[in-house]
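Residues in the first sequence are numbered from 445 upward in steps of one, following the working numbering. Glycine included, C-beta positions come from ideal geometry on N, C-alpha and C. Take a look at the structure below.
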Amino acid sequence: MADTKQDVLDMLRELAELTILEEQNPQSFRVRAYESAAQAIGAQATDLGKLTVKELLQIEGIGKSTAEKIRELLETGRVARVEALREKHPRAVVALLQIQGLGPKAVAKLRSELGVQSLDDLRRALEERRLRDLRGFGQKSEEKLKLAVERLDREGELSRTPISIALPHAQRIIAHLRDVPGVDQVIYCGSLRRFSETIGDIDIVVTAAQAEPVMEALATLVLVERVLGRGERKTSVVTRRGIQVDLRVVEKHQLGAALLYFTGSKGHNIKLRMRALARGLTLNEYGLAEVEGGKVVASETEEAIYAALGLPWIPPVLREDTGEIEAAESGRLTRQIGAIGGDFHVHTNVSGDGRSPLEDVIGAAKARGYHALAITEHAENTLSGVGREALLLQRERFRAVQAELGDTLRLLHGVELNIGPDGELDYDLEFRKGFDWCLASVHSHFELDRVAQTRRVMKAMLDPSVRMIGHLSARMIGHRAGIELDLDALFDAAEKTGTALEINGALPRLDMSVEALRRVRSKNVPLVLTSDAHHSSELERIGFAALNAERAGIDPERVVNAWPKERMLSWLSGGGAG
DNA sequence: GTCGTGAACGACATATACTATGTAGTATA
445 MADTKQDVLD
455 MLRELAELTI
465 LEEQNPQSFR
475 VRAYESAAQA
485 IGAQATDLGK
495 LTVKELLQIE
505 GIGKSTAEKI
515 RELLETGRVA
525 RVEALREKHP
535 RAVVALLQIQ
545 GLGPKAVAKL
555 RSELGVQSLD
565 DLRRALEERR
575 LRDLRGFGQK
585 SEEKLKLAVE
595 RLDREGELSR
605 TPISIALPHA
615 QRIIAHLRDV
625 PGVDQVIYCG
635 SLRRFSETIG
645 DIDIVVTAAQ
655 AEPVMEALAT
665 LVLVERVLGR
675 GERKTSVVTR
685 RGIQVDLRVV
695 EKHQLGAALL
705 YFTGSKGHNI
715 KLRMRALARG
725 LTLNEYGLAE
735 VEGGKVVASE
745 TEEAIYAALG
755 LPWIPPVLRE
765 DTGEIEAAES
775 GRLTRQIGAI
785 GGDFHVHTNV
795 SGDGRSPLED
805 VIGAAKARGY
815 HALAITEHAE
825 NTLSGVGREA
835 LLLQRERFRA
845 VQAELGDTLR
855 LLHGVELNIG
865 PDGELDYDLE
875 FRKGFDWCLA
885 SVHSHFELDR
895 VAQTRRVMKA
905 MLDPSVRMIG
915 HLSARMIGHR
925 AGIELDLDAL
935 FDAAEKTGTA
945 LEINGALPRL
955 DMSVEALRRV
965 RSKNVPLVLT
975 SDAHHSSELE
985 RIGFAALNAE
995 RAGIDPERVV
1005 NAWPKERMLS
1015 WLSGGGAG
């Protein structure tokens, strides 16, 4: 079964894009209808291929017309309306919308006045300086478009950046801005703060007495390649990595409103602003104020603004306009994860790719207030794997260290087994059972089909030594798609065997994905946050795992290392789900 | 194009910054 959901999403997005050109308006009701239909489809867990028109109509945001188009696509592989629009607006024309500064109206004008039908045509027209005489264009717009075309040539399609790259990039920039005199707070917002898997651009909010020095500091950073625009309080640049950074400087008392605005999502903001209007208030990036008279009601903190709108503070990871405002209003927001009592997927330098000695890792774990720590080196069947003798030596050492630790920290001698193509595991069952904690994960043979992948993971789950499956899909965000799995079958098996599933906090993985986590919510499967640290400093990544869990609306009750100490320890020693 | 109210039709996301041109387009959450 192909990925019908992805096919439908692709079709709806193309339809939206083509309709933008057709109606020369990115905000038309049709465009918005297709986009909201795409969002509704994206939130569906069921297999679309099995849904009838009637069932499709049950989905909010899908009406008669869209439902029929979806059926048309699934039954014939094509949609007449899309093909008709493709005739009028060929792919090369649609591609022009990728150029920053070119919208549908400008594209229409270039086509009708200058016969520009492609990027090549546009390049020629720019070369021949034919744009400057067009009404609405001028010398400056010609130059801007030239730069934008060059940028597109260099970077290919404007693509989103994996969070594993964007977050450290943002932190570097933030560290520089913090050094600017007069700067108070520097906070990243946007999809980064919402903890999306991929990031479109980096949004930074700064509070400072004066905007100019901050914006100057950003514009002159070594890693900044070009300044896109600069006003009194706002600057946009592109870094050498090709990532756009938008900086906004606000006054301290406006911080809450600015954070709210810049964190988004756009849909969330719009809903909040409508909510404000219904209360005789208006919300913008400077504050929440009365419509009549303009008296500011709240602006300094997000909490105050939400409160004035009759809502509890909503965590950024939930602000995706997927019902979180309604949930907040009726007190149905899932609780945040809270204190984390331990980490159960950590490597030391005994693993070939681990970099910190045991003492450092233990020190970091104690500093984090953990009650338990499982060291899980790679097993022999992987490149960085460890043989039996070294592991037995490590176990001996653990006994001595545990005696020193007393009951401040429970140290588990674990291992990360490799799941082979047929579900085979390292060593032999007897040896595996000698560990305090075994997790098993896939590290190779990503090309097998869904049936084979599901079978191998299922087999590992059924092994008496395996307590947890690590990074379930083995994806690498932006580099490698996850293996194909029958998730429902695996979740059922995990439920039956009591096998835990890992929520891995390594930024390139974030595995299980939010989507998979949403699907496991309804099952009684224990979930475990881990850092998968290969260095003592990486223990902090468990916080990313927690964010991903919160993003998926996972109740802390389901998360083993969010349980109270005794319950967690009891579960770890095989004492059941508690 | 969708949805709700009432059986055809109106309502339907907000608010602002920046730029280049000379009123509006594009961009941002």
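Kindly list the residues whose CB is nearer than 7 Å to the CB of Lys553, restricted to its own chain and excluding five residues on each side of it in sequence; keep chain order. By 1-based counting over the first sequence, the position of residue 553 is 109. If we look at Lys553 and ignore the five residues flanking it on each side, its Cβ neighbours are Leu578, Gly580.
7 Å CB neighbourhood of His889 in its chain, flanking five on each side removed: Position 445 of the first sequence, counted from the start, is the residue given in the question as residue 889. Result list for His889: Pro865, in chain order.
Is Ile464 helix, strand or coil when you go by DSSP? Along the first sequence, read from residue 1 onward, the residue named residue 464 stands at position 20. In this structure, Ile464 counts as helix in the three-state DSSP scheme.
Inter-residue Cα distance where the pair is Leu500 and Glu458: Position 56 of the first sequence, counting from 1, holds the residue named residue 500. Position 14 of the first sequence, counting from 1, holds the residue named residue 458. Their Cα atoms are separated by approximately 19 Å.
Are Thr683 and Leu662 close, meaning C-beta to C-beta below 8 Å? Locating residue 683 in the first sequence gives position 239, where the first residue counts as 1. Locating residue 662 in the first sequence gives position 218, where the first residue counts as 1. Not closer than 8 Å, so no.
Ignoring anything shorter than 3 residues, give me the beta strand (DSSP E) runs that lie fully in the region 851-935, in order along the chain. 854-862, 881-885
Among residues of its own chain, excluding the 5 on either side of Ala1021, which ones have a beta-carbon nearer than 7 Å to its beta-carbon? In the first sequence, counting from the first residue as 1, residue 1021 sits at position 577. Confidence in Ala1021 is poor, its pLDDT being 44 and thus under 50, which makes the residue's placement unreliable; the coordinate value appears in the next sentence. Gly942, Pro970, Trp1015.
The beta strand (DSSP E) enclosing Ser680, as first and last residue numbers: Along the first sequence, read from residue 1 onward, the residue named residue 680 stands at position 236. Counting along the chain, the beta strand (DSSP E) containing Ser680 begins and ends at 678-683.
Could you give the distance in angstroms between the alpha-carbon of Arg839 and the alpha-carbon of Glu860? Taking the first sequence and counting its residues from 1, one reaches residue 839 at position 395. Taking the first sequence and counting its residues from 1, one reaches residue 860 at position 416. So the two alpha carbons sit approximately 15 Å from each other.
Local Cβ density within 10 Å of Ala1006, reported as buried at 16 or more and exposed below that: Position 562 of the first sequence holds residue 1006. Buried is the call here.
Looking only at its own chain, which residues have a Cβ that is under 8 Å from the Cβ of Gln468, when we skip the five neighbours before and after it? Here residue 468 is taken as the residue at index 24 of the first sequence, counted from 1. Here the set comprises Pro548, Lys549, Ala552.
Contact under 8 Å by Cβ, Leu753 with Ala720: Locating residue 753 in the first sequence gives position 309, counting from the first residue. Locating residue 720 in the first sequence gives position 276, counting from the first residue. A contact, by the Cβ cut-off of 8 Å.
On the criterion of 16 or more Cβ atoms from any shown chain inside 10 Å, does Ala396 qualify as buried, or is it exposed? What the structure shows of the chain is the stretch from 445 to 1022, and residue 396 is not part of that stretch, so it cannot be assessed.
Out of curiosity, what's the CA-to-CA distance linking Ala446 and Asp872? The count along the first sequence starts at 1 and reaches residue 446 at position 2. The count along the first sequence starts at 1 and reaches residue 872 at position 428. Its pLDDT being 46, under 50, Ala446 is placed unreliably in this model, and the coordinates cannot settle the point.
Under the DSSP definition of a beta bridge, which residues are partnered with Glu821? Within the first sequence, numbered from 1, the residue matching residue 821 stands at position 377. Bridge partners of Glu821: Val859.
Look at the Cβ atom of Glu768, then the Cβ atom of Ile758, and state whether they are nearer than 8 Å. For the purposes of this step, residue 768 is taken as residue 324 along the first sequence, with counting starting at 1. For the purposes of this step, residue 758 is taken as residue 314 along the first sequence, with counting starting at 1. Yes, the pair counts as a contact, with Cβ atoms nearer than the cut-off.
Under 7 Å Cβ to Cβ from Thr766, same chain only, skipping five residues before and after it: list those, please. Here residue 766 refers to the residue found at position 322 when the first sequence is read from its first residue. Cβ within range, chain order: Ala487.
Expressed to the nearest angstrom, what Euclidean distance is found between the alpha-carbon atoms of Leu566 and Val593? Counted from its first residue, the first sequence places residue 566 at position 122. Counted from its first residue, the first sequence places residue 593 at position 149. The straight-line gap from Cα to Cα measures roughly 9 Å.
With DSSP collapsed to three states, give me the class of Arg670. In the first sequence, the residue the question calls residue 670 occupies position 226. Correct three-state label for Arg670: strand.
Proximity winner among Pro760, Gly786, Asn948, Ser556, relative to Thr778 (alpha-carbon distances): To locate residue 778, count along the first sequence from 1; it is residue 334. Checked all of Pro760, Gly786, Asn948, Ser556; the closest Cα to Thr778 is Pro760.
Scan the region 566-615 and note each continuous beta strand (DSSP E) run of 3 residues or more that stays entirely inside, going in chain order. none
Cutoff 7 Å; reference His697; Cβ partners in own chain excluding five residues on either side: For the purposes of this step, residue 697 is taken as the residue at position 253 of the first sequence. Taken in chain order, the residues that qualify are Ser743, Glu744.
Can you tell me whether DSSP reads Asn968 as helix, strand or coil? The residue given as residue 968 occupies position 524 in the first sequence. The answer is coil: DSSP assigns Asn968 none of H, G, I, E or B.
Do Ala816 and Arg841 come within 8 Å of each other at the CB atom, strictly closer than that value? Taking the first sequence and counting its residues from 1, one reaches residue 841 at position 397. Taking the first sequence and counting its residues from 1, one reaches residue 816 at position 372. Taking 8 Å as the Cβ cut-off, Arg841 and Ala816 do not qualify as a contacting pair.
Got a sec? Which residues, its chain only, sit under 8 Å from Ser980 by beta carbon, not counting five neighbours each side? Counting from 1 along the first sequence, the entry for residue 980 is found at position 536. Ser800, Asp804, Val805, Gly807, Ala808, listed in sequence order.
Select from Lys532, Ser562, Glu531 the residue whose C-alpha is nearest the C-alpha of Gln542. As a position in the first sequence, residue 542 is number 98, starting the count at 1. For the residues Lys532, Ser562, Glu531, the minimum Cα distance to Gln542 belongs to Ser562.
Give me the Cα-Cα distance between Arg555 and Lys532, rounded to the nearest whole angstrom. As a working mapping, residue 555 is identified with position 111 in the first sequence. As a working mapping, residue 532 is identified with position 88 in the first sequence. Going from the Cα of Arg555 to the Cα of Lys532 covers about 12 Å.
Indicate the three-state DSSP secondary structure (helix, strand or coil) for Gln488 in the structure shown. Here the question's residue 488 lines up with position 44 in the first sequence. Here Gln488 sits in coil by DSSP.
Does the beta-carbon distance from His712 to Glu764 come in below 8 Å? Within the first sequence, the letter at position 268 stands for residue 712. Within the first sequence, the letter at position 320 stands for residue 764. The beta carbons of His712 and Glu764 sit closer together than 8 Å.
In chain order, which continuous runs of the beta strand (DSSP E) of length 3 or greater are located wholly inside the region 636-664? The region 636-664 is shown to contain whole beta strand (DSSP E) runs of 3 or more residues at 646-652, in chain order.
Apart from the five residues just before and just after Arg963, which ones in its own chain have a Cβ nearer than 8 Å to its Cβ? In the first sequence, residue 963 corresponds to position 519, counting from 1. Taken in chain order, the residues that qualify are Ala489, Leu931, Asp932, Phe935.
In its own chain, which residues sit with a C-beta less than 6 Å from the C-beta of Val452, not counting the 5 before and 5 after it? For the purposes of this step, residue 452 is taken as residue 8 along the first sequence, with counting starting at 1. Correct list, in chain order: Ile485, Leu492, Ile514.
Backbone CA spacing between Phe473 and Lys678 [nearest angstrom]: Here residue 473 refers to the residue found at position 29 of the first sequence. Here residue 678 refers to the residue found at position 234 of the first sequence. If you take the alpha carbons of Phe473 and Lys678, they lie about 31 Å apart.
Mark Leu961 as exposed unless 16 or more other C-beta atoms lie within 10 angstroms of its C-beta, in which case mark it buried. Within the first sequence, residue 961 is the residue found at index 517, counting from 1. Buried, since its Cβ has 16 or more Cβ neighbours within 10 Å.
C-alpha distance - Val689 paired with Leu465, whole-angstrom precision: Translated into positions along the first sequence, residue 689 becomes position 245. Translated into positions along the first sequence, residue 465 becomes position 21. Whole-angstrom Cα-Cα distance: 28 Å.
In angstroms, rounded to a whole number, what distance separates the CA positions of Glu946 and Asp880? Taking the first sequence and counting its residues from 1, one reaches residue 946 at position 502. Taking the first sequence and counting its residues from 1, one reaches residue 880 at position 436. In a straight line, the C-alpha of Glu946 is about 17 Å away from that of Asp880.
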